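The opening position of the sequence shown corresponds to residue 13 in the working numbering, with each subsequent residue numbered one higher.
Since the structure comes first, as structure tokens, the remarks are kept for the end.
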Amino acid sequence: MNSSLLVLAIVQVIFAGIVGLYFLNMMRSQQHNRVAVDKESTRELERLRKMRTVSLSEPLSERTRPSCIGDIIGQEDGLRTLRAALCGPNPQHVILYGPPGVGKTAAARVILEEAKRTPGSPFLANAVFCELDGATARFDERGIADPLIGSVHDPIYQGAGAMGVLGIPQPKQGAVTKAHGGVLFIDEIGELHPIQMNKLLKVLEDRRVFFESAYYNPDDSNIPLHIHDMFQNGLPADFRLVGATTRSPQDIPPAIRSRCLEIFFRPLNGEEIAVIVQRASEKIRFAMTPAAVDVVTRHAVNGREAVNVVQIAAGIALTERRTEITREDAEWVVHSSQIAPRPERKVPERPQVGVVNGLAVYGPSSGMLLEVEADAVVARAPGHGTVSVTGVIDEEELGGGGRVLRRRSTARSSIDNVVTALRRCLPVNLSDYDVHVNFPGGTPVDGPSAGVSMAVAIYSAVTGIPVDNTVAMTGEVSIYGSIRPVGGVSAKVEAARLAGARKVIIPSDNDQERLHRWSDVDIVLASRLEDVLSCSLLRDVVTEPVGSAYAPAMPLQTSAVAQGSV
């Protein structure tokens with residue numbers, strides 16, 4: 013009996029020794045690991061400290077970034093609308109359309125700062141500006157990671173940790189929650205995945221985010237109270253969305269567009285690019301010759317591109333120990349970067365027969381001068397004349413959002429309306445002439461808005477009366493000669509002014525007070541085709557008319573023309 017107890021005691025002692033050695037080795041291993049982790053952490057902290065002591069000079073793009081509304085050039089209309097949308101007592105969701113580098117992101121930032129200082133605004137002084145890139149905001153379909161909406165770290169995926177060991181799911185905030193009480197700015201919102209877009213719509217309606225997890229049990233007492241609150245009441249997400257995109261409105265889902273105010277930022281013109289160039293050169297303390305500014309202005313299409321050219325040109329001058337940027341520096345940068353000149357059109361230098369300055373709109377809100385030319389010759393047989401239209405892109409593809417839209421031009425069919433209306437004005441039979449209408453450059457043309465231009469060009473070509481080269485026009489012509497309203501008139505008038513036009517003819521129904529803000533261009537309101545002809549043709553200068561037995565055109569009986577000096 014005693015021997016058995018002795019053996020049992022010896023076994024217990026040996027077992028206790030083995031267990032003690034095991035835990036001792038484990039403690040030593042943990043201590044060694046702790047020491048190793050501390051050494052590695054010390055080395056990394058020292059490396060990070062050394063890295064933070066190294067700093068390059070601030071990029072010129074950072075120096076020229078707008079810090080107030082006055083620093084944003086050329087977007088007065090867009091800024092006014094954006095201020096009205098965000099600085100009031102009931103701010104709205106907004107989508108900003110426009111080309112890159114025109115100040116959409118900067119505008120959203122500075123307007124939020126102004127809204128914080130506006131009395132009655134719901135934005136507090138600590139309201140955040142949370143920025144997200146829609147092109148890179150990727151998510152996991154299982155809900156493991158979603159930087160926009162947020163996600164739930166389930167125990168099976170999140171690994172070890174205090175809550176992971178206990179099997180507690182952990183909701184993680186997304187950008188919509190981080191932007192609570194402020195502005196969520198999504199750059200390139202048109203690139204968001206459709207699933208994320210639908211989730212965002214739900215958040216905009218509920219103003220909070222709800223999570224689901226198979227590992228959540230409302231009766232589990234081990235789950236902390238704040239986790240229960242997140243799953244039962246959701247995370248707050250009361251913000252105002254400001255989305256920016258370079259796409260066209262038709263490429264954005266209608267569901268998100270219907271919830272947002274749409275604001276259009278236009279491309280910058282040459283004068284505005286010149287202002288940006290001069291400010292950039294001043295901030296880097298480099299003088300810039302007027303010729304150098306002109307080179308950058310003629311090539312850069314947005315502010316960001318202009319600043320980049322100035323920065324590289326300044327580097328060339330600095331390496332050659334100069335303090336002035338010359339024309340040769342700017343031309344070298346333009347040549348090495350292969351930057352094409354800006355596609356700007358100007359009115360002709362002198363009046364011409366059959367050449368008219370039409371107006372068109374491209375993109376969301378950009379106007380351009382559209383040259384229309386016509387020629388007429390006597391047909392081989394009376395009454396067998398033809399009318400042909402060339403230079404028109406009959407069909408164009410508009411891609412985006414996973415779909416391709418084919419848009420057909422109606423210019424060819426609109427010429428029939430023009431010919432019918434001209435038969436009431438021309439002193440000759442148009443069927444006796446072969447008429448050729450051309451749109452140089454192959455620009456996509458919307459037929460109705462080019463109706464007035466085609467009518468004047470044909471009338472000039474048949475009668476030999478030159479068209480005033482300082483006049484631009486837009487409008488649709490009905491078969492009875494009435495001038496009907498068209499779209500994009502404000503952008504067209506501004507494009508005509510920048511192209512050198514001194515008189516712009518628009519339909520009477522398109523008259524707006526804001527069109528009369530420029531002092532260097534006259535707005536002529538026309539309701540009949542006869543009004544347009546009398547204001548655009550130079551009857552004092554008549555060239556050789558078409559045909560040998562041509563009778564001079566009789567004076568037109570015009571209706572009252574409303575003309576306003578802008």
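We put the CB at the ideal spot given by N, CA and C, even for glycine.
Computed from a prediction, not measured in an experiment: that's the story for all the values here.
If I measure Cβ to Cβ from residue i and keep anything under 8 Å in the same chain, skipping five residues before and after, which residues do I get?
i       : result
Ala-299 : Ser-293, Thr-335, Glu-336, Ile-337
Cys-272 : Gln-104, His-105, Val-106, Ile-107, Leu-253, Gly-255
Val-430 : Gly-463, Met-466, Ala-467, Ile-470, Val-489
Leu-550 : Pro-363, Ile-477, Pro-478, Val-479, Asp-480
Asp-231 : none
Ala-329 : Phe-298, Thr-335, Glu-336, Ile-337, Thr-338, Asp-341
Pro-112 : Thr-258, Asn-314, Arg-316
How many angstroms separate the CA atom of residue i from the CA atom of residue j?
i       : j       : result
Gly-411 : Arg-259 : Any reading at Gly-411 must be qualified, since the residue scores a pLDDT of 49, below 50, and its modelled position is unreliable; no value is offered.
Val-399 : Ala-325 : 52 Å
Leu-17  : Val-25  : 12 Å
Gln-323 : Ala-304 : 13 Å
Val-416 : Gly-146 : With a pLDDT of 45 at Val-416, under the threshold of 50, the modelled position of this residue cannot be trusted, and the question is left open.
Asp-480 : His-347 : 37 Å
Asp-543 : Pro-497 : 15 Å
Val-289 : Arg-61  : 37 Å
Ala-28  : Glu-224 : 49 Å
Asp-166 : Tyr-227 : 7 Å
Ala-484 : Val-404 : 19 Å
Val-313 : Arg-514 : 25 Å
Asn-102 : Asp-387 : 57 Å
Phe-277 : Gly-90  : 6 Å
Ser-15  : Asn-37  : 33 Å
Ala-118 : Asp-446 : 55 Å
Ile-239 : Val-188 : 18 Å
Gln-379 : Ile-275 : Before going on, a small fix: residue 379 reads as Gly here, not Gln. Whole-angstrom Cα-Cα distance: 16 Å.
Leu-20  : Ala-48  : 41 Å
Arg-420 : Asp-552 : Confidence is the limiting factor: at Arg-420 the pLDDT is only 46, short of 50, which leaves the residue's position unreliable, though a coordinate-based value still follows. Taking the straight line from one Cα to the other gives about 40 Å.
Val-66  : Asp-306 : 37 Å
Asn-522 : Val-401 : 27 Å
Asp-152 : Met-209 : 14 Å
Val-321 : Glu-88  : 25 Å
Val-501 : Glu-284 : 21 Å
Glu-332 : Asp-341 : 11 Å
Can you tell me where the alpha helix (DSSP H) holding residue i begins and where it ends?
i       : result
Pro-206 : 206–218
Cys-99  : From DSSP, Cys-99 is part of no alpha helix (DSSP H); its letter is neither H nor E.
Phe-243 : 237–245
Cys-272 : Run containing Cys-272: none; DSSP gives neither H nor E here.
Leu-545 : 541–548
Pro-302 : 302–311
Ile-285 : 282–295
His-192 : Unbroken run through His-192: none, as it is neither H nor E.
Asp-341 : 339–349
Ile-470 : 463–475
Asn-320 : 315–331
Can you tell me where the beta strand (DSSP E) holding residue i begins and where it ends?
i       : result
Pro-183 : 182–185
Thr-402 : 399–402
Arg-252 : 252–257
Glu-383 : 378–390
Ala-118 : No beta strand (DSSP E) contains Ala-118, which is instead part of the alpha helix (DSSP H) from 116–129.
Ile-198 : 195–199
Ile-143 : It should be pointed out that residue 143 corresponds to Glu in this sequence rather than to Ile. Element bounds for Glu-143: 141–145.
Ser-502 : Unbroken run through Ser-502 is the alpha helix (DSSP H), 501–510; no beta strand (DSSP E).
Asp-231 : Looking at the DSSP string, Asp-231 is not in any beta strand (DSSP E), and its letter there is neither H nor E.
Asn-369 : 367–374
Tyr-492 : Segment: none, Tyr-492 is in no beta strand (DSSP E) and carries neither H nor E.
Gly-162 : 162–165
Thinking residue i and residue j are a contact (beta carbons under 8 Å), I'd like their distance in whole angstroms, please.
i       : j       : result
Leu-144 : Leu-124 : Not a contact, Cβ separation roughly 15 Å.
Gly-86  : Leu-237 : That pair is no contact at about 53 Å.
Cys-592 : Leu-196 : The shown model of the chain, from 13 to 578, leaves out residue 592, and the question about it has no answer.
Asn-219 : Ala-249 : It should be noted that the sequence gives Arg, not Asn, for residue 219. Contact flag correct, Cβ pair sits at about 6 Å.
Asp-263 : Gly-202 : 6 Å
Arg-316 : Ser-73  : 7 Å
Arg-436 : Ser-494 : About 11 Å; that fails the 8 Å criterion.
Val-536 : Val-516 : 7 Å
Ala-538 : Leu-381 : Not a contact, Cβ separation roughly 19 Å.
Is the shortest distance between the beta-carbon of residue i and the beta-carbons of chain C less than 7 Å?
i       : result
Pro-101 : No chain C appears in the structure shown, which is made up of a single protein chain.
Spatial neighbours of residue i within its chain, please: CB distance less than 7 Å, with the 5 preceding and 5 following residues excluded, ordered by chain position.
i       : result
Ala-172 : Because the pLDDT of Ala-172 is 49, which lies under 50, any placement of that residue in the model is unreliable, and the number read from its coordinates should be weighed accordingly. Answer for Ala-172: no residue qualifies.
Gly-414 : A caution first: Gly-414 carries a pLDDT of 46, below 50, which makes its placement in the model unreliable, though a value can still be read off. Excluding sequence neighbours, Gly-414 sits near nothing in its chain.
Val-31  : none
Keeping to the same chain, check which residues put their C-beta closer than 6 Å to that of residue i; ignore five residues upstream and five downstream.
i       : result
Gly-395 : Ser-443
His-311 : Val-346, Ile-351, Pro-353
Lys-116 : Leu-108, Gly-110, Ala-256, Phe-277
Within 8 Å, do at least three Cβ pairs link the region 78–94 to the region 238–246? Touching, no, given that fewer than three Cβ pairs across the two stretches are closer than 8 Å.
Closer than 8 Å is the cut-off here; do at least three beta carbon pairs connect the region 46–60 with the region 207–216? They do not touch, by the three-pair rule.
Closer than 8 Å is the cut-off here; do at least three beta carbon pairs connect the region 347–358 with the region 438–445? Taking a cut-off of 8 Å on C-beta distances, the region 347–358 does not touch the region 438–445, as fewer than three cross pairs fall below it.
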